[in-house]
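Step one of this worksheet: look at the structure below.
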Ligand code: SF4
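In the numbering used here, the protein residues as written are 1283 to 1370.
Right under this line is the structure:
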């Protein structure tokens, strides 16, 4: 077993360079499974976190521009984003 500590700041550096707003994300300490779950419970939990997120607009813009297909982003589910994109 490897007891080395992984410095998450190093792992997160490329993400923060690309998306500086992510440093303020309400989901930064949440389990990724909540945002990429396949049931309504996890979707609801993710949407509740998004509802208090101060960078929700930036996150939704990113998700729409990069055509993120999976998960909850910017307070919107996969289906909701798909609908938004089809209306553009
Ligand atoms: S809007 Fe939701 S998914 Fe996006 S950064 Fe905020 S909490 Fe995370």
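Heads up, the beta-carbon is just placed ideally off N, CA and C, and yes, glycines get one too.
For residue i, the first and last residue of its enclosing alpha helix (DSSP H)
{"i": "residue 1324", "result": "1322–1332"}
{"i": "residue 1343", "result": "1338–1347"}
{"i": "residue 1314", "result": "1314–1317"}
{"i": "residue 1350", "result": "Segment: none, residue 1350 is in no alpha helix (DSSP H) and carries neither H nor E."}
{"i": "residue 1365", "result": "1360–1368"}
Integer Cβ distance of residue i from residue j, believed to fall under 8 angstroms
{"i": "residue 1340", "j": "residue 1303", "result": "4 angstroms"}
{"i": "residue 1354", "j": "residue 1332", "result": "6 angstroms"}
{"i": "residue 1327", "j": "residue 1334", "result": "The Cβ separation is near 12 angstroms, so there is no contact."}
{"i": "residue 1298", "j": "residue 1305", "result": "6 angstroms"}
Alpha-carbon spacing of residue i relative to residue j, whole angstroms
{"i": "residue 1342", "j": "residue 1357", "result": "7 angstroms"}
{"i": "residue 1330", "j": "residue 1314", "result": "14 angstroms"}
{"i": "residue 1310", "j": "residue 1368", "result": "29 angstroms"}
{"i": "residue 1324", "j": "residue 1363", "result": "17 angstroms"}
{"i": "residue 1296", "j": "residue 1322", "result": "31 angstroms"}
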